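If you're matching positions, the sequence shown starts at 1 in this note's numbering and goes up one per residue. For glycine and all other residues, C-beta sits at the position ideal for the given N, C-alpha and C. Keep in mind that this is a model prediction, so the values were computed, not measured. A short write-up of the structure that comes next.
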Amino acid sequence: MYAPSVTDNTGIRLAPASRTRLRHGKLIKVDKTDICDCTLYDLQNGGTGVVIPDAEADLPDTLYVADTKLATVNLAKVRWRVGSNLGVLYLEKPVQLSLKQSAKTK
């Protein structure tokens with residue numbers, strides 16, 4: 001997966017394409033019960049993209065996103081969804097998980 005490049009009207013790239021950093025994550029309900037594993041990636045607008053395994057999964061509007069690579073968890077709001085792809089907006093600063101907690105999210 002990669003971020004779209006910026007081109008002019010002739011199709012010539014004006015800026016180099018940026019690499020998308022994919023990482024493992026987990027979606028968690030506000031009551032702290034697991035929803036599913038997911039793949040996280042950075043969006044150009046500063047948000048986070050999420051890919052879930054089940055396009056039909058019922059997700060709450062507000063949930064926690066655990067980033068196992070960074071060992072952080074954030075409260076987030078789902079801003080958009082198209083099938084198994086969604087964009088989330090973080091509602092607060094990330095909370096660093098302890099080593100014991102991060103082992104549970106893997």
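V88 and S98 have their C-alpha atoms roughly 24 Å apart.
Inter-residue distance for I28 and T62 is about 10 Å (C-alpha atoms, whole angstroms). The C-beta of K77 has fewer than 16 other C-beta atoms within 10 Å across all chains shown, which makes the residue exposed. DSSP lists T62 and L89 as the beta-bridge partner residues of K77. L22 places its beta carbon less than 8 Å from that of Y41.
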